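Written below as structure tokens is the structure these notes are about.
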Amino acid sequence: MALDCVEEISAVRLKLPQKLDSNTKGVIEQMIKSVKQRFSKIPLLHPVNDMRITEPAFVHAVEKVAELEQRSQEHPLRKNRDFELIKKQYLAKEEKKRELKGLEEELRKAQSVLQLDELSHRKRLLRRLEYSDKSDIITEK
896 MALDCVEEIS AVRLKLPQKL DSNTKGVIEQ MIKSVKQRFS KIPLLHPVND MRITEPAFVH
956 AVEKVAELEQ RSQEHPLRKN RDFELIKKQY LAKEEKKREL KGLEEELRKA QSVLQLDELS
1016 HRKRLLRRLE YSDKSDIITE K
């Protein structure tokens, strides 16, 4: 399973059978149903409480993320009926901005190549007119 497929990790752990075949499929379904019955909302794995990570910088970062998520959920824009549409339009705009930056970078590279090509043509012309020597040093005629 790819890491980008994982959205959240639960604190609940299920012990699965060694061999996963069609016979154990029902057992696994029953285990999942019992977990859903026990917990109205499946608890998420908390890095500080459950994993005992006590590094101060990490704890501060986790607190900051929780605060920002809460502020995001309480934002007045979320109460707007068209929130999903606005969010979709904003994400499309950001994607277009990234695409524009990529195209601008590509344009800069193309212009750089053109300038180098033009420079080589000018050097060749100066050599033919004997204004520069073979090492491209400008000389008097």
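Numbering (the numbering used here), first residue to last: 896 to 1036. Note that the Cβ used here is the ideal one computed from N, Cα and C, for glycine as well. Owing to the predicted nature of the structure, the values given are computational and were not obtained by experimental measurement.
- Taking C-alpha positions only, glutamate 1000 is separated from leucine 986 by approximately 21 Å.
- Counting C-beta pairs with one atom in each stretch, the region 936-946 and the region 906-918 have three or more that are closer than 8 Å, which means they touch.
- Looking at the DSSP output, isoleucine 904 shares a beta bridge with no other residue.
- When DSSP reads this structure, serine 1027 sits in a beta bridge with Ile1033.
- According to DSSP, leucine 939 shares a beta bridge with Ser905.
- Judged by DSSP in its simplified three-state form, isoleucine 981 adopts helix.
- Rounded to the nearest whole angstrom, the C-alpha separation of lysine 991 and leucine 980 is 17 Å.
- Approximately 17 Å separates the beta-carbon atoms of lysine 1018 and serine 1007; this is outside 8 Å, ruling out the contact.
- Between the C-alpha atoms of lysine 1029 and leucine 1009 there is a straight-line separation of about 23 Å.
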